[in-house]
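S.K.:
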C-alpha cells in the first residue's frame with residue numbers, strides 16, 4: 001500500500017492543493033473536461049431511499065473486506081486523520097440499517113469468493129448512465145473508477161491537477177470511465193460548489209467547471225456566489241439558468257444522494273476511489289492508479 005502524501009497547506013475558507021503555484025501552472029494543460037462533449041442530460045433523480053438501505057447493508061459486507069477497511073481514508077485524504085465533521089448544509093448521513101443476512105467473515109471466504117463479493121458490491125455502486133454529466137468516458141468501458149470528492153479538498157485538487165491528466169489516455173481510448181460522486185464535507189462552501197458544478201453539468205460543462213474550480217483552489221479564498229457566477233459566465237453558461245438549477249430540488253437531491261451513497265459504504269473522507277471493486281485511498285501517485293487500472297483491464301479480458 002502506498003502511503004498518503006503529506007497534507008497540503010490550508011488557506012482561510014478551505015484546504016489548498018499542494019504547491020499552489022504548480023496548480024496554477026496546470027491551467028494551460030488539458031484536463032479531463034476537454035476529453036468529452038456532453039448532451040444535455042435528464043434531470044438528476046431524487047435519492048431512492050430503498051437503494052440507500054440496500055447500499056447500507058452492502059456497506060457492512062464491504063466493511064468485512066479487509067483491504068477496503070484498511071484503505072478508506074479519514075479526513076482530507078489522510079488514512080490517519082480524524083474524520084472531518086460535516087459542514088453546515090452538507091448532505092446528511094444515511095440512517096443505519098441492519099442487514100437482513102449476516103455476511104461471512106473474510107477468513108471464511110476464498111480469494112475467489114471475496115472477489116465475487118467485491119464485484120457484487122461494485123455492480124450496485126456503478127451507474128453507467130449515458131446521460132450522466134458528472135461521468136466521463138465510454139459507458140461500456142471495461143474499467144470504471146468511482147471517486148468521492150469535495151471541491152474544497154486539497155488532496156482532491158492534487159488528484160485533479162497532477163494525477164488525472166495522466167489517466168486521460170485511458171478515458172480517450174475507451175478503456176476507462178470515471179464517475180464522480182459528491183462528498184461535500186470539507187468547508188461550509190462545499191455543498192454550494194457541488195450544486196453549482198452539477199448546474200454547470202446540466203449545460204454540458206461539468207468537467208470544465210470542475211477543472212476551473214480546482215485550478216483556482218490555491219488562489220481563491222472564498223468560492224461564494226460571486227465567484228461561482230463568474231466562472232459560469234466565463235464558461236459561456238446561461239447564468240440565469242445556472243442560478244435556478246443550482247438551487248433546484250433536483251440538483252440538491254442529487255448531491256445528497258451521492259453523499260449518502262458514500263456514507264453507506266463507509267467513506268469518511270476525500271478523495272476515495274473504487275476501481276472495478278478495488279479501493280484506492282487518497283491522492284496516490286499516478287503509478288498506483290495505473291497499476292490498479294492495468295490489473296483490472298487484464299482481469300476484464302480474461
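In UniProt numbering, the protein residues as written are 1 to 302.
A virtual CB, placed ideally from N, CA and C, is assigned to each residue, including glycine.
(1) Distance, Cα to Cα, residue 294 vs residue 222?
(2) With 8 Å as the threshold, decide whether the Cβ of residue 277 is near any Cβ in chain C.
(3) With H, G and I counted as helix, E and B as strand and the rest as coil, what does DSSP make of residue 305?
(4) Quick one: what does DSSP say residue 151 is sitting in, helix, strand or coil?
(5) Give the single residue among 207, 159 and 302 whose Cα lies nearest to the Cα of residue 284.
(6) Give the range of the alpha helix (DSSP H) segment to which residue 190 is assigned.
(7) What is the residue span of the beta strand (DSSP E) that residue 176 lies within?
(8) Sort out for me which residues DSSP pairs residue 111 with in a bridge.
(9) Residue 266 by DSSP, collapsed to three states: which one?
(10) What separation, rounded to the nearest whole angstrom, lies between the Cα atoms of residue 185 and residue 264?
(11) Under 8 Å Cβ to Cβ from residue 262, same chain only, skipping five residues before and after it: list those, please.
(12) Consider the C-beta atom of residue 128 and the heavy atoms of the ligand NAD; say whether any pair is separated by less than 7 Å.
(13) Straight-line CA distance for residue 131 to residue 287?
(14) Among 164, 127 and 190, which one has its Cα closest to the Cα of residue 211?
(15) Taking the straight line between their C-alpha atoms, what separation do you get for residue 112 and residue 236?
(16) Taking the continuous beta strand (DSSP E) assigned at residue 275, which residues delimit it?
(17) Assess contact between the stretch 165 to 177 and the stretch 224 to 239, defined as three or more Cβ pairs (one per stretch) separated by less than 8 Å. Is contact present?
M.R.: Well, looking at it:
(1) Straight across, the Cα-Cα distance linking residue 294 with residue 222 is about 39 Å.
(2) Among the chains in the structure shown there is no chain C, since it carries only a single protein chain.
(3) Nothing about residue 305 can be read from this structure; the chain reaches only from 1 to 302.
(4) Three-state DSSP puts residue 151 in coil, outside helix and strand.
(5) Residue 284 has its Cα closest to that of 159, out of 207, 159 and 302.
(6) DSSP places residue 190 in the uninterrupted alpha helix (DSSP H) bounded by 190 to 201.
(7) Start and end: 176 to 182.
(8) None, per the DSSP bridge assignment.
(9) Correct three-state label for residue 266: coil.
(10) When rounded, the distance between both Cα atoms is 15 Å.
(11) The answer, listed in chain order, is 148, 181, 183 and 272.
(12) The ligand content of the structure shown is nil, which means the ligand NAD is not present either.
(13) When rounded, the distance between both Cα atoms is 30 Å.
(14) If we check each option's Cα against that of residue 211, 164 comes out closest.
(15) Between residue 112 and residue 236, the alpha-carbon positions lie close to 50 Å from each other.
(16) Unbroken beta strand (DSSP E) run through residue 275: 272 to 275.
(17) They do not touch, by the three-pair rule.
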